[in-house]
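Student: Attaching a single structure in structure tokens format; questions to follow.
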Amino acid sequence: MSGQSASDNRPLSPHLQIYKPILTMVMSIVHRITGVALYFGTLLLVWWLMAAASGPAYFDYVNGFFANWFGRLVLFGYTWTLLHHMLGGLRHFLWDVGKGFSERSRNGLAKLSLAGSVLLTILVWVIAYWARGSF
Amino acid sequence: MNMRTPMSRVRGLGSAKDGTTHFWRQRITAIANLPLVILFLILVITMVGASHGQVAALLGSPMVAILVLFGIASVTTHMWLGMQVVIEDYIHGEGAKILLLISNGFFCAFVGLSAAFALLKISFGG
Numbered sequence: 014m015s016g017q018s019a020s021d022n023r024p025l026s027p028h029l030q031i032y033k034p035i036l037t038m039v040m041s042i043v044h045r046i047t048g049v050a051l052y053f054g055t056l057l058l059v060w061w062l063m064a065a066a067s068g069p070a071y072f073d074y075v076n077g078f079f080a081n082w083f084g085r086l087v088l089f090g091y092t093w094t095l096l097h098h099m100l101g102g103l104r105h106f107l108w109d110v111g112k113g114f115s116e117r118s119r120n121g122l123a124k125l126s127l128a129g130s131v132l133l134t135i136l137v138w139v140i141a142y143w144a145r146g147s148f
Numbered sequence: 057m058n059m060r061t062p063m064s065r066v067r068g069l070g071s072a073k074d075g076t077t078h079f080w081r082q083r084i085t086a087i088a089n090l091p092l093v094i095l096f097l098i099l100v101i102t103m104v105g106a107s108h109g110q111v112a113a114l115l116g117s118p119m120v121a122i123l124v125l126f127g128i129a130s131v132t133t134h135m136w137l138g139m140q141v142v143i144e145d146y147i148h149g150e151g152a153k154i155l156l157l158i159s160n161g162f163f164c165a166f167v168g169l170s171a172a173f174a175l176l177k178i179s180f181g182g
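Here the protein sequences line up with chains A and B, keeping their order. With my numbering as the guide, the letters of the first sequence map in order to residues 14 to 148. With my numbering as the guide, the letters of the second sequence map in order to residues 57 to 182.
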């Protein structure tokens, strides 16, 4: 009965492709994309924790993967993804309490979280290299 | 014509019967994630270049292990809720949608329980 229902022929609302991209919209899309990336990225965390639980030999192997240029690139991207999603979440908290909806606030917050995510990512990595003693 | 009963309007639970529960849990886990994820970032930084023994000792110490376990619980719940919305928004075929919603739960349970198991194994000195 429900297999060939009216819903099969329902028109869909216009979607992303017909709108001119604006900053707040792009930030919203990026928030969702970073969320999905973080979702699958947790597999890396599980892999690393499993390695730590398995013993020194396998742990060194996994650490070796994260230490080469490709592993570092992945972790660098993951750091930015995480921080961007985190700052995006902070914007949502602000909107949840009814603040930050003016055009100036919306655009300012978008730019602030974009710049903040890049700066914080660099800061985290500078501290990490410093902690490692590479400076 | 409004077909809803007065009782349904008072309850305000809507067609999915859970009202604002999804939204509320999403925000609660977001609040919890904030300090827990920042703490985990700091932990990872302090462990850069550390040996297996040092990492196991740090992750296995009670305070750290408990906070990381909280983080695992909060993060996996948050990603479960988030991916559910993404699937509901973009997957319109009923069969594919239900299959993916089920897979979403399995994936988050796998991530959460594997991470928790690894951490407990380290903590209890496996």
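Every residue, glycine too, gets a C-beta built ideally from N, C-alpha and C.
Mind listing the chain A neighbours of residue 170 (chain B)? Cutoff is C-beta to C-beta under 7 Å, in chain order.
Tutor: By 1-based counting over the second sequence, the position of residue 170 (chain B) is 114. Simply 59, 63.
Student: In whole angstroms, what is the alpha-carbon distance linking residue 79 (chain B) and residue 70 (chain A)?
Tutor: For this step, residue 79 (chain B) is matched to residue 23 along the second sequence. For this step, residue 70 (chain A) is matched to residue 57 along the first sequence. Each residue's alpha carbon lies about 43 Å from the other.
Student: Consider the Cβ of residue 14 (chain A): report whether some Cβ of chain B lies at a distance smaller than 8 Å.
Tutor: In the first sequence, the residue the question calls residue 14 (chain A) occupies position 1. Confidence at residue 14 (chain A) is low in this model, with a pLDDT of 44, below 50, so its placement is unreliable and the value that follows should be read with caution. For residue 14 (chain A), the answer is no, since every Cβ of chain B falls outside 8 Å of its Cβ.
Student: Report yes if the C-beta distance between residue 122 (chain A) and residue 113 (chain A) is below 8 Å; otherwise report no.
Tutor: Translated into the one-based positions of the first sequence, residue 122 (chain A) becomes position 109. Translated into the one-based positions of the first sequence, residue 113 (chain A) becomes position 100. In contact: residue 122 (chain A) and residue 113 (chain A) (Cβ atoms closer than 8 Å).
Student: Could you tell me whether the region 90-102 of chain A touches the region 42-50 of chain A, using the rule of 3 or more Cβ pairs below 8 Å?
Tutor: Segments in contact, yes.
Student: Taking C-beta to C-beta, are residue 66 (chain A) and residue 108 (chain B) nearer than 8 Å?
Tutor: By one-based count along the first sequence, residue 66 (chain A) stands at place 53. By one-based count along the second sequence, residue 108 (chain B) stands at place 52. No; because the gap between Cβ atoms is not below 8 Å, this pair is not in contact.
Student: For residue 128 (chain B), I'd like the list of residues in its chain whose CB is within less than 6 Å of its CB, leaving aside the five on either flank, ordered along the chain.
Tutor: The residue labelled residue 128 (chain B) in the question sits at position 72 within the second sequence. The residues are 168, 171, 172.
Student: With distances taken between CB atoms, is the gap from residue 90 (chain B) to residue 40 (chain A) smaller than 8 Å?
Tutor: One-based indexing of the second sequence puts residue 90 (chain B) at position 34. One-based indexing of the first sequence puts residue 40 (chain A) at position 27. No, the Cβ-Cβ distance between residue 90 (chain B) and residue 40 (chain A) is not below 8 Å.
Student: Nearest to residue 134 (chain B) by CA position, among B:152, B:119, B:125, B:82, is which residue?
Tutor: Numbered from 1 along the second sequence, position 78 holds the residue referred to as residue 134 (chain B). Residue 134 (chain B) has its Cα closest to that of B:82, out of B:152, B:119, B:125, B:82.
Student: What are the start and end residues of the alpha helix (DSSP H) that includes residue 139 (chain B)?
Tutor: Here residue 139 (chain B) is taken as the residue at index 83 of the second sequence, counted from 1. Taken as a continuous stretch (DSSP letters only), the alpha helix (DSSP H) holding residue 139 (chain B) covers 118-146.
Student: Thinking residue 175 (chain B) and residue 121 (chain B) are a contact (beta carbons under 8 Å), I'd like their distance in whole angstroms, please.
Tutor: If you number the second sequence from 1, residue 175 (chain B) lands on position 119. If you number the second sequence from 1, residue 121 (chain B) lands on position 65. Correct: roughly 6 Å between the Cβ atoms.
Student: Please state whether the Cβ-Cβ distance between residue 37 (chain A) and residue 119 (chain A) is less than 8 Å.
Tutor: Residue 37 (chain A) sits at position 24 when you count from the first residue of the first sequence. Residue 119 (chain A) sits at position 106 when you count from the first residue of the first sequence. Against a cut-off of 8 Å, the Cβ pair of residue 119 (chain A) and residue 37 (chain A) comes out as a contact.
Student: For residue 84 (chain A), collect the residues of the same chain with a Cβ closer than 7 Å to its Cβ; drop the 5 residues on either side in sequence, then sort them by chain order.
Tutor: Here residue 84 (chain A) is taken as the residue at index 71 of the first sequence, counted from 1. So the qualifying residues of the chain are 78.
Student: Ordered along the chain, which non-local residues of its own chain (more than five positions away) have a Cβ less than 8 Å from that of residue 104 (chain B)?
Tutor: Indexing the second sequence from 1 puts residue 104 (chain B) at position 48. Nothing listed; no residue qualifies.
Student: Give the interface partners of residue 108 (chain B) over in chain A, defined as CB-CB distance under 8 Å, in chain order.
Tutor: One-based indexing of the second sequence puts residue 108 (chain B) at position 52. Under the 8 Å cutoff, chain A gives 65, 68, 69, 72, 73.
Student: If we cut at 8 Å on Cβ distances, does residue 95 (chain A) have a partner in chain B?
Tutor: The residue you call residue 95 (chain A) lines up with position 82 of the first sequence. Residue 95 (chain A) counts as touching chain B.
Student: Output needed in chain order: residues of the region 100-126 of chain B with a Cβ under 7 Å from some Cβ in chain A.
Tutor: Listed by position along the chain: 101, 102, 104, 105, 108, 111, 112, 115.
Student: Below 7 Å CB to CB, which residues in the same chain sit around residue 184 (chain B) once its five sequence neighbours on both sides are set aside?
Tutor: Summary: the structure shown does not reach residue 184 (chain B), with chain B confined to residues 57 through 182, and so no result is reported for it.
Student: Taking the alpha-carbon of residue 177 (chain B) as reference, which of B:98, B:112, B:60, B:148 has the nearest alpha-carbon?
Tutor: In the second sequence, counting from the first residue as 1, residue 177 (chain B) sits at position 121. Ranking B:98, B:112, B:60, B:148 by Cα distance to residue 177 (chain B) puts B:112 first.
Student: Out of B:115, B:98, B:148, which has the shortest C-alpha to C-alpha gap to residue 24 (chain A)?
Tutor: Taking the first sequence and counting its residues from 1, the one referred to as residue 24 (chain A) is at position 11. For the residues B:115, B:98, B:148, the minimum Cα distance to residue 24 (chain A) belongs to B:148.
Student: Using a C-beta to C-beta distance shorter than 9 Å, which residues of chain A count as neighbours of residue 167 (chain B)?
Tutor: Taking the first residue of the second sequence as 1, we reach residue 167 (chain B) at position 111. What residue 167 (chain B) touches in chain A: 52, 55, 56, 58, 59.
Student: Let me see if you follow: with CB-CB separation under 8 Å, is residue 48 (chain A) close to chain B or not?
Tutor: Counting from one through the first sequence, the residue named residue 48 (chain A) turns up at place 35. It does: the Cβ of residue 48 (chain A) has a partner Cβ on chain B nearer than 8 Å.
Student: Using a Cβ-Cβ distance under 8 Å, would residue 110 (chain A) count as near chain D?
Tutor: Among the protein chains of the structure shown, namely A and B, there is no chain D.
Student: Would you tell me roughly how many angstroms separate the C-alpha atoms of residue 107 (chain A) and residue 68 (chain A), rounded to the nearest one?
Tutor: One-based indexing of the first sequence puts residue 107 (chain A) at position 94. One-based indexing of the first sequence puts residue 68 (chain A) at position 55. In a straight line, the C-alpha of residue 107 (chain A) is about 44 Å away from that of residue 68 (chain A).
Student: Using a cut-off of 8 Å between C-beta atoms, extract the partners of residue 77 (chain A) located in chain B.
Tutor: Taking the first sequence and counting its residues from 1, the one referred to as residue 77 (chain A) is at position 64. Going along chain B, no residue has its Cβ under 8 Å from residue 77 (chain A), so there is no contact; the nearest lies around 12 Å.
Student: Does any residue of chain B have a CB that is nearer than 8 Å to the CB of residue 145 (chain A)?
Tutor: Here residue 145 (chain A) refers to the residue found at position 132 of the first sequence. True, the Cβ-Cβ gap to chain B drops below 8 Å.
Student: Name the chain B residues whose beta carbon is nearer than 8 Å to that of residue 42 (chain A)?
Tutor: Within the first sequence, the letter at position 29 stands for residue 42 (chain A). Within chain B, no residue comes near residue 42 (chain A); the closest Cβ sits about 12 Å away, beyond 8 Å.
Student: Helix, strand or coil for residue 154 (chain A), going by three-state DSSP, please let me know.
Tutor: The displayed coordinates of chain A run from 14 to 148. Any statement about residue 154 (chain A) would go beyond what the structure contains.
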